[in-house]
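First comes the structure, then the notes that go with it.
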Amino acid sequence: MDSPPQGNMGYRYLQQKFKELTGIDLSAYKDAQMARRLETFLQREKEASFYTLARRLERDGDLLQRLKDYLPINVTEFFRNPDRYQRLREKVIPELRQRYGKLFLWSAGASIGAEAYSLAILLLELGRDGKGTNHQILGTDIDEGALSAAKKGEYPRALLKHVTEAQLASFFEASGKDLFRVRRDVKRLVTYQRHDLLADPYPKGVHLILCRNVVIYFSEEAKEKVYRQMGESLAEGGYLLLGSSESIWQPQRFGLQLVEPFLYQKKMP
Ligand SMILES: C[S@@+](CC[C@H](N)C(=O)[O-])C[C@H]1O[C@@H](n2cnc3c(N)ncnc32)[C@H](O)[C@@H]1O
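Structure, rendered in structure tokens:
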């Protein structure tokens, strides 16, 4: 019988198994950080090696979920970084609505849907003048489990700390103890699809992309690939919003210009 792979080989084996089970490619993440996290997880679970951990993941769904929760993979909340949403509300969305009317927004790396639904709420609030509720929001993620949760649209209070009481009353309904479900008119604006930013073709003609806290652990090469394709994905004058620790080096390479921290605009002809 083959002996179990050791050391680095065991680590690669775990990456491969994790990809088979979740679709998530840990090798696209910066190696040292990810390896440290996995090492700590290994100790916590009292597993002897990456290889034995990988074998246990195959038959233990709870362990797989614990590992996904432990890696900074699906962390999200409604209106994360509220000041960014404020800028979308005051500047970006009104400008785009003026130019394009009906908008196509993309939450790339949407996780369990809090970001896409936050955009939907924003559009519904801005659309109270009678226009603007026929926009389209696409939420994509590589993780099928996260996408099922997104479609369900049910969240604990902890994820709603930036949701105002008025928003809670208008756009959510209570659903069991301390759980809130987004209402149908919010859900109606959002479509979820599985999409791997490193492998699948990107949608075209997007007016606003939110890609926040997704590429942080990607290698430089993977990031470049993502930003290049996002540049091509945007309509002229469209915007790309990144997370708070993310920036694009020389964005003009991708036809983008920095408007303010974390916000890029595709150049007009
Ligand atoms: C930390 S969450 C960010 C959620 C949301 N954007 C936010 O900032 O609140 C990162 C998400 O990126 C997803 N992800 C990781 N690699 C991906 C890939 N190659 N393609 C698409 N999504 C990916 C993960 O599954 C996870 O749901």
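Our numbering puts the first residue of the sequence shown at -9, with every later residue one more than the last.
For each residue, glycine too, the CB sits at the ideal point set by N, CA and C.
All figures in this text were calculated on a predicted structure; none of them were measured in a lab.
For ligand 1, no non-hydrogen atom lies closer than 8 Å to the CB of residue 181. Residue 223 counts as buried, since no fewer than 16 other beta carbons sit within 10 angstroms of its beta carbon. Taking the Cβ of residue 64 as the reference point, at least one heavy atom of ligand 1 falls within a distance shorter than 8 Å. In this structure the region 205 to 212 does not lie against the region 110 to 119, because fewer than three pairs of beta carbons, one per stretch, are closer than 8 Å. Residue 90 and residue 38 have their C-alpha atoms some 57 Å from each other. For residue 85, the uninterrupted alpha helix (DSSP H) segment begins and ends at 83 to 90. With distances taken between CA atoms, residue 184 lies nearest to 98 out of 206, 34, 40, 98. About 6 Å separates the beta carbons of residue 181 and residue 128, which is inside the 8 Å limit, making them a contact pair.
Remark: C-beta atoms of residue 116 and residue 70 do not approach each other more closely than 9 Å. Taking one beta carbon from each stretch, the region 156 to 166 and the region 195 to 207 have fewer than 3 pairs nearer than 8 Å; the two do not touch. By the neighbour-count definition (other C-beta atoms within 10 Å, threshold 16), residue 106 is a buried residue.
Residue 103 is a Cβ neighbour of residue 172, given a cutoff of 9 Å. Shown here for residue 8: same chain residues with a beta carbon closer than 8 Å to its own, the five before and five after excluded, namely 14, 16, 44, 47, 57 in chain order.
Under the DSSP assignment, residue 144 falls outside any alpha helix (DSSP H), being part of the beta strand (DSSP E) whose first and last residues are 144 to 146.
For ligand 1, no non-hydrogen atom lies closer than 8 Å to the CB of residue 127. Residue environment for residue 140: buried (at least 16 other C-beta atoms within 10 angstroms of its C-beta).
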